[in-house]
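Student:
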Amino acid sequence: MVGAVSPSSKHLMRKMLTNINFKTATVIVEFGPGTGVFTREIVQRMRPDCMLVVFELHDSFYIKLREEFKHDSRVIIRNESAEHISSVLKELNKNQADAVISSLPLANFPSELIQTILQHCKQVLSQNGKYIQFQYSLTSKKYLQQYFNSVQINFTGRNIPPAFIYTCSNAPKIS
Ligand SMILES: C[S@@+](CC[C@H](N)C(=O)[O-])C[C@H]1O[C@@H](n2cnc3c(N)ncnc32)[C@H](O)[C@@H]1O
């Protein structure tokens, strides 16, 4: 379920967050925060009126993060699977998300689960919204290309293991 040997590096974290417009984002979603390497930085950078909705399945990570952010009313932490993104946003009276930052170990997931998660993300992302995912291989590329118009791939060797960063969007292509 965790799919990693150690928490992500600060270098990977910066690369993951570089394409998010924190000046305009009012709803950000994070999948699989683990120990919270990305979460802490998102919370630092996000607007005072932005909501961060976090999905973490692992009980002990969930409990620690809930404790850490209990005084920040902008942060909603759910002990639920990422595939529930649409229903959870609806429950929170949010129709759209400006960014989804995902650390989910897609390579370990069954194909149906990947497709369900990506289908829901595609539905809830705003027109210029971004789905940003890191992986240790290129095996998920075909799924991301199935659901998003644009899939940009970056790489960093400054993480253990080295990682690919996918930045996906459905913004109309400019020809
Ligand atoms: C590779 S770890 C990443 C942790 C952290 N974001 C980092 O980069 O160091 C993946 C995380 O996804 C969580 N996870 C796995 N399946 C999930 C699911 N279906 N929904 C939400 N979280 C999930 C795991 O519990 C784990 O915390």
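Whatever position you read off the sequence shown (first residue = 1), add 15 for this note's numbering. Yeah, the Cβ is synthetic: ideal placement off N, Cα and C, and Gly gets one too.
1) Cβ-heavy atom distance between S155 and ligand 1 below 8 Å?
2) Could you check if E83 belongs to the surroundings of ligand 1, using beta carbon to heavy atom distance under 8 Å?
3) Across which residues does DSSP place V139 in a beta bridge pair?
4) Which same chain residues end up closer than 6 Å to V52 when comparing Cβ atoms and leaving out the 5 residues on each side of it in sequence?
5) Pull up the DSSP beta-bridge partners for K145, would you.
6) Which whole-angstrom value describes the C-beta separation of N34 and T182, a residue pair presumed to lie in contact below a C-beta threshold of 8 Å?
7) Rounded to whole angstroms, what is the Cα-Cα separation between Q167 and K25?
8) Going by alpha carbons, who is nearest to G144 out of I180, E106, L159, Q111?
9) By the DSSP assignment, the alpha helix (DSSP H) with R81 in it spans what residues?
10) Using only CA atoms, which one of P63, D113, T154, L140 lies nearest to P4?
11) Should L72 be listed as close to ligand 1, given that the test is whether its C-beta is under 8 Å from any heavy atom?
12) Do A97 and ligand 1 come close, with the Cβ less than 8 Å from some heavy atom?
13) Short check: CB of I43 to CB of I116, under 9 Å?
14) Does T171 come out as helix, strand or coil in the three-state DSSP assignment?
15) Compare the beta carbon distance of E95 and L128 with 9 Å and say whether it is the shorter of the two.
Tutor: Checking against the coordinates, here is how it stands:
1) Residue 155 sits at position 140 when you count from the first residue of the sequence shown. Distances between the C-beta of S155 and the heavy atoms of ligand 1 are all 8 Å or more.
2) Stepping through the sequence shown from its first residue, residue 83 is reached at position 68. With a threshold of 8 Å, the Cβ atom of E83 does not count as near ligand 1, since no heavy atom of the ligand is closer than that.
3) Taking the first residue of the sequence shown as 1, we reach residue 139 at position 124. Beta-bridge pairing links V139 to no other residue.
4) Position 37 of the sequence shown, counted from the first residue, corresponds to residue 52. So the qualifying residues of the chain are P22, S23, M28.
5) As a working note, residue 145 is residue 130 in the sequence shown. Answer is A114, S184.
6) Taking the first residue of the sequence shown as position 1, residue 34 is located at position 19. Taking the first residue of the sequence shown as position 1, residue 182 is located at position 167. Distance from N34 to T182 at the Cβ level is roughly 5 Å; contact confirmed, criterion being Cβ atoms closer than 8 Å.
7) Locating residue 167 in the sequence shown gives position 152, counting from the first residue. Locating residue 25 in the sequence shown gives position 10, counting from the first residue. Cα to Cα, Q167 sits roughly 20 Å from K25.
8) As a position in the sequence shown, residue 144 is number 129, starting the count at 1. Answer by Cα proximity: Q111.
9) Taking the first residue of the sequence shown as 1, we reach residue 81 at position 66. Taken as a continuous stretch (DSSP letters only), the alpha helix (DSSP H) holding R81 covers 74 to 83.
10) Lying outside 16 to 190, the shown extent of the chain, residue 4 is not represented and no answer is given.
11) For the purposes of this step, residue 72 is identified with residue 57 of the sequence shown, where counting begins at 1. Checking every heavy atom of ligand 1 against the Cβ of L72, one is found closer than 8 Å.
12) Here residue 97 is taken as the residue at index 82 of the sequence shown, counted from 1. The answer is yes for A97.
13) Counting from 1 along the sequence shown, the entry for residue 43 is found at position 28. Counting from 1 along the sequence shown, the entry for residue 116 is found at position 101. Against a cut-off of 9 Å, the Cβ pair of I116 and I43 comes out as a contact.
14) Within the sequence shown, numbered from 1, the residue matching residue 171 stands at position 156. Of the three classes helix, strand and coil, the one that applies to T171 here is strand, per DSSP.
15) Position 80 of the sequence shown, counting from 1, holds the residue named residue 95. Position 113 of the sequence shown, counting from 1, holds the residue named residue 128. No, Cβ-Cβ distance for E95 and L128 is not below 9 Å.
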